[in-house]
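Novice: One structure coming up, written as structure tokens, with questions to follow.
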């Protein structure tokens, strides 16, 4: 396949990447700009954003679709390996109901897994009763089913960086859900108009609420499904997990892009048609190639904005190997980053490691040969079970006494060395912008053009000695703000311990970042408070 540069600049300021359907198609404007560094949050020189949104947004924090009257689910999700497990394996029936389809359905959905229906009900405070009183097995499931047995719907793609985060979160939380593609009629007609955003992933709740953006999905669901907690209870553990929400994407976002789009001979036969299936699941190879070509050309137009260059590529490959080596050592003795439960940082890490690097042929080959335990971790993160066979005796809990395995400070130190300076510089640029816009009323959108993850300025950063164009992303600063808010609310002793940890990793300055005007989301757009 021959790649041609986009007709627009690297900023994609108008029509670049618009998905033009084949005859009868319905894929126009579906967003795959969900990867850190490839959306309008990653500015090119001068700080311009990537691609306008097709419509303005109303200033509402939550929107509901016309189907908000749909009844809330009554099924009780369960998890294999939970602490309250009460049935022997030989009594465990099949997870799939007769006539049901495995495709696109979370296997944790309780109608597929009936062994112990009271487990998470007990954890979440639901009344506990016989399984047959709480579970009804449908004899068939339709593609657009929004019945009470499947109360949440995740709209995304397996080729998507950010969908990988939300998918693993939903599965490990035992939240009943189904997954649908952005080509689904409901997404086009109801979900996208409700959120006024084309990006995936998007989540539709049983009451019709639509949540766009992985971090917003995390916050929305964590409040409703607090157990098992995605944030470790230890103050040092949680501080690192919250910093990893920003730092892991900063460290691996460009790496993921590089290994997908700079190895076209090795990857394209898989990646191109993978994107095509997101738009035409039963399409011919010709149709799949058509959509794959569009996405490839769209990514080509973002090459300059990401700073791709012959000098940068070996740096990104070295980062990949270093991260793999650290994680391979870590997953030799630990099932997850902070012990026996998957944390928010594990789910964030799935964006790069599963969404791109464990699936695309070239980086997957490298992962399997250099770090097979890391590849196995990506497999297990996509299952509903907490315990993996390799760690069947490990307690299903975070490490006691706020302990951090030695590999975690090593990984934190690596991320800080590569990314902290750009975060600090981004905050400085944002504060200058905020001072120039002091007259903006509260809840004003950062971008009057409607960019959802607005960038307020560009600068030349450096990554291991290589010059890279970067942008002051308000989205990234908002994610960081959440973690700093949590840190500020901790006790003096816990803050002291956190600062001591960050000082040993070279990142104490991150804790001193203060934004002149706080950031929030209005609908799915960044706004000032």
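Numbering (the numbering used here), first residue to last: 1 to 529. We treat Cβ as the ideally placed atom computed from N, Cα and C, and that holds for glycine.
Measure the CB-CB distance between residue 337 and residue 346 and report whether it falls below 8 Å.
Specialist: For the purposes of this step, residue 337 is identified with residue 337 of the chain shown, where counting begins at 1. For the purposes of this step, residue 346 is identified with residue 346 of the chain shown, where counting begins at 1. Yes; because the gap between Cβ atoms is below 8 Å, this pair is in contact.
Novice: Taking buried to mean at least 16 other C-beta atoms within 10 Å of its own C-beta, is residue 510 buried or exposed?
Specialist: As a first step, residue 510 must be located in the chain shown, where it is residue number 510. By the 10 Å Cβ count, residue 510 comes out buried.
Novice: In chain order, what residues of the same chain have a beta carbon less than 7 Å from the beta carbon of residue 241, not counting five sequence neighbours either side?
Specialist: Mapped onto the chain shown, residue 241 falls at position 241. 231, 232, 338, 343, 344, 345.
Novice: Looking only at DSSP bridge pairs, what is residue 307 linked to?
Specialist: Within the chain shown, numbered from 1, the residue matching residue 307 stands at position 307. Paired residue(s): none; residue 307 is not in a bridge.
Novice: Less than 8 Å between the C-beta atoms of residue 156 and residue 200, yes or no?
Specialist: Taking the first residue of the chain shown as 1, we reach residue 156 at position 156. Taking the first residue of the chain shown as 1, we reach residue 200 at position 200. Taking 8 Å as the Cβ cut-off, residue 156 and residue 200 qualify as a contacting pair.
Novice: Could you check whether the stretch 466-477 touches the stretch 448-457, counting it as contact only if at least three pairs of C-beta atoms, one from each stretch, sit closer than 8 Å?
Specialist: Yes, the stretch 466-477 is in contact with the stretch 448-457.
Novice: For residue 329, report the span of its alpha helix (DSSP H) as first-last.
Specialist: Walking along the chain shown from the start, residue 329 turns up at place 329. 313-333 is the extent of the alpha helix (DSSP H) around residue 329.
Novice: Whose CA, out of 256, 192, 351, lies closest to the CA of residue 308?
Specialist: For the purposes of this step, residue 308 is identified with residue 308 of the chain shown, where counting begins at 1. Selected option, being the one with the closest Cα: 256.
Novice: According to DSSP, simplified to helix, strand and coil, what is residue 204?
Specialist: Taking the first residue of the chain shown as 1, we reach residue 204 at position 204. It is a strand residue.
Novice: Quick one: grab the DSSP three-state call for residue 136.
Specialist: Looking up residue 136 in the chain shown gives position 136. Because the pLDDT of residue 136 is 30, which lies under 50, any placement of that residue in the model is unreliable, and the question is left without a value.
Novice: How far does the alpha helix (DSSP H) with residue 246 in it reach, from first residue to last?
Specialist: Position 246 of the chain shown, counting from 1, holds the residue named residue 246. 235-261 is the extent of the alpha helix (DSSP H) around residue 246.
Novice: Can you give me the Cβ contacts of residue 311 inside the same chain, cut-off strictly under 7 Å, excluding the 5 residues immediately before and after it?
Specialist: The residue labelled residue 311 in the question sits at position 311 within the chain shown. Excluding sequence neighbours, residue 311 sits near 466.
Novice: In chain order, what residues of the same chain have a beta carbon less than 7 Å from the beta carbon of residue 244, not counting five sequence neighbours either side?
Specialist: Position 244 of the chain shown, counting from 1, holds the residue named residue 244. 345, 348.
Novice: So, helix, strand or coil for residue 445, using DSSP?
Specialist: Along the chain shown, read from residue 1 onward, the residue named residue 445 stands at position 445. DSSP places residue 445 in strand when its eight states are reduced to three.
Novice: Check whether the stretch 193-207 and the stretch 316-323 are in contact - that is, three or more C-beta pairs closer than 8 Å.
Specialist: Not touching, per the Cβ criterion.
Novice: Please state whether the Cβ-Cβ distance between residue 276 and residue 291 is less than 8 Å.
Specialist: For the purposes of this step, residue 276 is taken as the residue at position 276 of the chain shown. For the purposes of this step, residue 291 is taken as the residue at position 291 of the chain shown. Cβ distance < 8 Å, so residue 276 and residue 291 count as in contact.
Novice: If I'm right that residue 434 touches residue 517 with Cβ under 8 Å, what's the distance once you round it to whole angstroms?
Specialist: Here residue 434 refers to the residue found at position 434 of the chain shown. Here residue 517 refers to the residue found at position 517 of the chain shown. Confirmed, about 4 Å.
Novice: Count the other C-beta atoms from every protein chain shown that fall within 10 angstroms of the C-beta of residue 178, then say buried if there are 16 or more, exposed otherwise.
Specialist: Taking the chain shown and counting its residues from 1, one reaches residue 178 at position 178. Answer is buried; the Cβ neighbour count reaches 16.
Novice: Among 365, 329, 184, 378, which one has its Cα closest to the Cα of residue 353?
Specialist: Your numbering for residue 353 matches position 353 in the chain shown. Closest by alpha carbon: 378.
Novice: Considering only residues of the same chain and omitting the five flanking positions on each side of residue 410, which have a CB-CB separation below 8 Å?
Specialist: By 1-based counting over the chain shown, the position of residue 410 is 410. Closer than 8 Å at Cβ, skipping near neighbours: 326.
Novice: For residue 163, report the span of its beta strand (DSSP E) as first-last.
Specialist: Against the chain shown, residue 163 aligns to sequence position 163. Counting along the chain, residue 163 falls outside any beta strand (DSSP E), though it belongs to the alpha helix (DSSP H) covering 161-172.
Novice: Which whole-angstrom value describes the C-beta separation of residue 395 and residue 340, a residue pair presumed to lie in contact below a C-beta threshold of 8 Å?
Specialist: Numbered from its first residue, the chain shown carries residue 395 at position 395. Numbered from its first residue, the chain shown carries residue 340 at position 340. About 5 Å separates the two Cβ atoms, so the contact holds.
Novice: Give the DSSP-derived three-state secondary structure of residue 451 in the structure shown.
Specialist: By 1-based counting over the chain shown, the position of residue 451 is 451. Note: residue 451 maps to coil in three-state DSSP.
Novice: Mind pulling the beta strand (DSSP E) runs of 3 or more residues that sit fully within the stretch 379-460?
Specialist: Runs found: none.
Novice: What do you reckon, are the CB atoms on residue 204 and residue 169 nearer than 8 Å?
Specialist: The residue given as residue 204 occupies position 204 in the chain shown. The residue given as residue 169 occupies position 169 in the chain shown. Not in contact: residue 204 and residue 169 (Cβ atoms no closer than 8 Å).
Novice: Return the first residue and the last residue of the alpha helix (DSSP H) that residue 361 is part of.
Specialist: For this step, residue 361 is matched to residue 361 along the chain shown. Its alpha helix (DSSP H) spans residues 361-370.
Novice: Between residue 373 and residue 328, is the Cβ-Cβ spacing less than 8 Å?
Specialist: Here residue 373 refers to the residue found at position 373 when the chain shown is read from its first residue. Here residue 328 refers to the residue found at position 328 when the chain shown is read from its first residue. Contact flag set, yes.
Novice: Judging by CA-CA distance, which residue of 299, 202, 224 is the nearest neighbour of residue 175?
Specialist: If you number the chain shown from 1, residue 175 lands on position 175. With distances taken between Cα atoms, residue 175 lies closest to 224.
Novice: Work out the CA separation of residue 385 and residue 428 for me, nearest whole Å.
Specialist: Position 428 of the chain shown holds residue 428. Position 385 of the chain shown holds residue 385. Between residue 428 and residue 385, the C-alpha separation is close to 43 Å.
Novice: Under the DSSP definition of a beta bridge, which residues are partnered with residue 515?
Specialist: The residue labelled residue 515 in the question sits at position 515 within the chain shown. BP columns for residue 515 are empty, so no partner.
Novice: Compare the C-alpha of residue 362 against each of 387, 284, 266, 286 and name the closest.
Specialist: On the chain shown, position 362 is the one that residue 362 refers to. Answer by Cα proximity: 266.
Novice: Could you pull the start and end residues of the alpha helix (DSSP H) that residue 495 belongs to?
Specialist: On the chain shown, residue 495 is found 495 positions in, with the first residue counted as 1. 492-504 is the span of the alpha helix (DSSP H), which, as asked, contains residue 495.
Novice: If the criterion is Cβ atoms closer than 8 Å, does the pair residue 217 and residue 211 meet it?
Specialist: Position 217 of the chain shown, counted from the first residue, corresponds to residue 217. Position 211 of the chain shown, counted from the first residue, corresponds to residue 211. For residue 217 and residue 211, yes; Cβs fall inside 8 Å.
Novice: Could you spell out the range, first to last residue, of the beta strand (DSSP E) harbouring residue 153?
Specialist: Looking up residue 153 in the chain shown gives position 153. First-last of the beta strand (DSSP E) with residue 153: 152-155.
Novice: Which stretch, first to last residue, makes up the beta strand (DSSP E) that contains residue 177?
Specialist: The sequence position of residue 177 within the chain shown is 177, counting from 1. Segment 177-180, the beta strand (DSSP E) holding residue 177.
Novice: Find the nearest neighbour of residue 405 within the set 333, 492, 383, 207, judged by alpha-carbon distance.
Specialist: Numbered from its first residue, the chain shown carries residue 405 at position 405. Closest by alpha carbon: 333.
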